[in-house]
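The opening residue of the sequence shown carries number 1 in my numbering; numbering runs sequentially from there.
Right, one structure below, let's go through it.
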Amino acid sequence: MKTAKLIAMALMMVVAMAACTNEVEKPDRDQEDFFDEEYWATSTDTAVTGQATDVTYYSATLTGKLNIKTFSSLPQYTTWGVVISATNPDPMPNADDCVTIISKRQAKIFTCSATGLTMGTKYYYRAYLRESNGKTLRIGRVMYFTTLKCSVSTSDADPVSIFSATIRGESSIKLNDTKFLGEVGFLYTKRQTDRPNPSVDTFVKGSVSPNDSVRFEAQLTGLTSSTRYTYMAYLKIDTVYYWGDPISFTTQNLSIEDSDLPVDLGLTTLWAARNVGASKAELAGTYFGWGDPTGDKTSSNPADYPSVASLVGTDYDIATANLGAGWQMPTFEQFEELINECDWVWTTWHDTQGYAVVSRTNGKAIFLPAGGYAKPLDDDGREVIGQGIAEPLGYYWTANLSSFSRFAYSLKITSKKPDMHKLDNDKSYGYMVRAVLAE
Numbered sequence: 001m002k003t004a005k006l007i008a009m010a011l012m013m014v015v016a017m018a019a020c021t022n023e024v025e026k027p028d029r030d031q032e033d034f035f036d037e038e039y040w041a042t043s044t045d046t047a048v049t050g051q052a053t054d055v056t057y058y059s060a061t062l063t064g065k066l067n068i069k070t071f072s073s074l075p076q077y078t079t080w081g082v083v084i085s086a087t088n089p090d091p092m093p094n095a096d097d098c099v100t101i102i103s104k105r106q107a108k109i110f111t112c113s114a115t116g117l118t119m120g121t122k123y124y125y126r127a128y129l130r131e132s133n134g135k136t137l138r139i140g141r142v143m144y145f146t147t148l149k150c151s152v153s154t155s156d157a158d159p160v161s162i163f164s165a166t167i168r169g170e171s172s173i174k175l176n177d178t179k180f181l182g183e184v185g186f187l188y189t190k191r192q193t194d195r196p197n198p199s200v201d202t203f204v205k206g207s208v209s210p211n212d213s214v215r216f217e218a219q220l221t222g223l224t225s226s227t228r229y230t231y232m233a234y235l236k237i238d239t240v241y242y243w244g245d246p247i248s249f250t251t252q253n254l255s256i257e258d259s260d261l262p263v264d265l266g267l268t269t270l271w272a273a274r275n276v277g278a279s280k281a282e283l284a285g286t287y288f289g290w291g292d293p294t295g296d297k298t299s300s301n302p303a304d305y306p307s308v309a310s311l312v313g314t315d316y317d318i319a320t321a322n323l324g325a326g327w328q329m330p331t332f333e334q335f336e337e338l339i340n341e342c343d344w345v346w347t348t349w350h351d352t353q354g355y356a357v358v359s360r361t362n363g364k365a366i367f368l369p370a371g372g373y374a375k376p377l378d379d380d381g382r383e384v385i386g387q388g389i390a391e392p393l394g395y396y397w398t399a400n401l402s403s404f405s406r407f408a409y410s411l412k413i414t415s416k417k418p419d420m421h422k423l424d425n426d427k428s429y430g431y432m433v434r435a436v437l438a439e
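Put into structure tokens, the structure is as follows:
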């Protein structure tokens, strides 16, 4: 009796072990995507479900395989393809909650394009073959994939200066991936609001950070000093915008140097804080004909003005004559250095338009007012032009004579840009003068 009981127990264990061994392993439905490579390689099913590839936000390419000898062996009007559903984990052709895609390729391994999908959604799909009678159906195993999901967040601005700021954002997806066909950027405003409005505020595209495929940034320039700006990052897919939360920053305070002392902008020479003849930084000062230290000469005759190659070191140097030893008129090259090595921002300072010229090394700034110029009149008088108009401008003399003795080089400023003028600057015209300190 004891022996019989032991044999019975052993048989039960063998049956149990056999049942465990033969049990079909189910795919893990919690993993992001599922594709059974062994099933694809070894299945003898008539229709075999393949891998989902090129999965994007709204589309995917689905693969299937037919285990048939030849296409001629199939009845006429036989169809095959895939069936897909976001809600039915057991999708079947012609079901109300499933989409049937017919393959158009006469190949045993075929692909179908699933479009119009929903972002961030799991889809179940399987290959199928339906014979012409509509009743004979062969289906493959169910696989699934998840379309890409995107979100975007707004990051703190850094750095923030007087007239500029770098704003940043981050995406949940890799922006340098070939599957990404969208756009990233920002919407910003200086309106005092908690959230920018796409209908009235400014868009700027973002660039992907070189060392990080999910972060992006944009450089904002031409901002107003001491001003609060609000911005939020966006990610645009097709025509749909996804927004990050709004964040604000405040630009630094603009401090214009305004004294009799020279200003160190980190350049090869020091610059005066005011125009010659001006008591404040925003004033035009005196309009001088080229090489006339008095500012009184109004003659339009070029013979009444010097023809030396440079006014520096001569009795005609307007800066030296008015400010004293050590000061001189700037050369063409010194103005070019000022343009190239500093940030020029068109702004309004004490109700006067002009350029704030800001050092890139120490943040110090001088102001060049758009004070116009004085044009000689036929009766030997002068008329000031270019002040207080909708588009003001200003001219500043350099110390250098032009290649034509009637003209001298100058700096012209408008709201568009600072520009070095080599020709057409008649020496008889009254221009402003901004001095530099001699080395």
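Where is the CB? At the ideal position from N, CA and C, for every residue including glycine.
Counting along the chain, where does the beta strand (DSSP E) carrying residue i start and finish?
i, result
"Leu-270", "270 to 275"
"Ala-47", "47 to 53"
"Thr-61", "60 to 66"
"Phe-367", "365 to 369"
"Thr-166", "165 to 171"
"Asn-400", "394 to 401"
"Trp-243", "240 to 243"
"Glu-257", "Element bounds for Glu-257: n/a, residue is neither H nor E."
"Leu-437", "434 to 437"
"Gly-289", "Taken as a continuous stretch (DSSP letters only), Gly-289 belongs to no beta strand (DSSP E), as it is neither H nor E."
"Asn-235", "The residue asked about is misnamed: residue 235 is Leu in this sequence, not Asn. Segment 228 to 237, the beta strand (DSSP E) holding Leu-235."
"Arg-138", "137 to 139"
"Val-384", "382 to 385"
"Asp-419", "418 to 421"
"Ala-127", "122 to 130"
"Tyr-355", "352 to 359"
"Leu-411", "408 to 413"
"Ala-218", "215 to 220"
Quick check: the Cα distance between residue i and residue j, rounded to an integer number of angstroms?
i, j, result
"Gln-51", "Thr-147", "14 Å"
"Tyr-234", "Asn-176", "16 Å"
"Asp-378", "Asp-292", "19 Å"
"Leu-199", "Leu-117", "As written in the sequence, residue 199 is Ser, which differs from the Leu given in the question. Spanning the two alpha carbons is a distance of roughly 29 Å."
"Lys-190", "Leu-62", "48 Å"
"Gly-182", "Glu-131", "41 Å"
"Val-433", "Ala-321", "12 Å"
"Tyr-396", "Leu-411", "5 Å"
"Ser-248", "Ser-209", "21 Å"
"Thr-294", "Ala-399", "16 Å"
"Glu-23", "Pro-91", "Any reading at Glu-23 is ruled out, since the residue's pLDDT is 32, under 50, leaving its predicted position unreliable."
"Pro-27", "Phe-34", "Residue confidence is low: Pro-27 scores 42 on pLDDT, short of 50, so the model does not pin down where it sits. Its coordinate-derived value is still stated next. If I take the Cα positions, the gap works out to 7 Å."
"Asn-425", "Gly-363", "32 Å"
"Asn-88", "Ser-151", "26 Å"
"Arg-360", "Glu-37", "59 Å"
"Gln-319", "Lys-416", "Sequence inspection shows Ala at residue 319; the Gln mentioned does not correspond to that position. So the two alpha carbons sit approximately 28 Å from each other."
"Ile-101", "Thr-115", "10 Å"
"Gly-266", "Gly-381", "40 Å"
"Ala-60", "Val-48", "18 Å"
"Thr-21", "Leu-74", "Note that Thr-21 scores 28 on pLDDT, short of 50, meaning its location in the model is unreliable; the coordinates nonetheless yield the value given after this. Near 37 Å, if we compare the C-alpha coordinates of Leu-74 and Thr-21."
"Glu-25", "Gly-64", "Annotation note: pLDDT 36 at Glu-25 (below 50); position unreliable, coordinate value reported separately. Roughly 21 Å between the two C-alpha positions."
"Lys-280", "Phe-288", "18 Å"
"Arg-195", "Ile-84", "40 Å"
"Asn-211", "Asp-238", "26 Å"
"Ser-428", "Ile-413", "19 Å"
"Trp-290", "Ser-299", "11 Å"
"Ala-165", "Asp-158", "7 Å"
Check the C-beta distance from residue i over to residue j and give it rounded, since I have them as a contact under 8 Å.
i, j, result
"Tyr-229", "Tyr-188", "6 Å"
"Val-160", "Thr-251", "6 Å"
"Val-153", "Gly-244", "Reading off the sequence shown, one finds Ser at residue 153, where the question assumed Val. Confirmed, about 5 Å."
"Phe-163", "Asp-343", "7 Å"
"Met-119", "Tyr-57", "5 Å"
"Asp-201", "Arg-138", "At roughly 57 Å, the Cβ-Cβ gap does not stay under 8 Å, so Asp-201 and Arg-138 are not in contact."
"Val-457", "Gly-372", "It is not possible to answer for residue 457, since the shown part of the chain is limited to 1 through 439."
"Gly-430", "Ala-374", "3 Å"
"Pro-302", "Arg-406", "4 Å"
"Ala-273", "Glu-257", "4 Å"
"Pro-418", "Ile-339", "5 Å"
"Phe-216", "Ser-226", "Their Cβ separation, rounded to whole angstroms, is 27 Å, which puts Phe-216 and Ser-226 out of contact at 8 Å."
Is there at least one non-hydrogen atom of the ligand SAH closer than 7 Å to the beta-carbon of residue i?
i, result
"Ala-165", "Although the ligand SAH was asked about, the structure shown includes no ligands whatsoever."
Could you give the residue range of the alpha helix (DSSP H) that holds residue i?
i, result
"Gln-334", "332 to 341"
"Ala-321", "318 to 323"
"Glu-38", "37 to 42"
Inter-stretch contact (C-beta, 8 Å, three-pair minimum) for the segment 120 to 131 and the segment 211 to 220: no
Report the start-end ranges of each beta strand (DSSP E) in the segment 65 to 117 that is 3 residues or longer and not cut off at the edges. 79 to 85, 99 to 102 and 109 to 114
Measuring CB atoms only, is the segment 426 to 438 touching the segment 324 to 340, in the sense that at least three cross pairs come out at less than 8 Å? yes
Does the structure place the segment 69 to 80 close enough to the segment 254 to 264 that three or more beta carbon pairs sit under 8 Å? no
Mind listing, in chain order, the continuous beta strand (DSSP E) runs of no fewer than 3 residues lying wholly within the segment 174 to 205? 183 to 189 and 202 to 205
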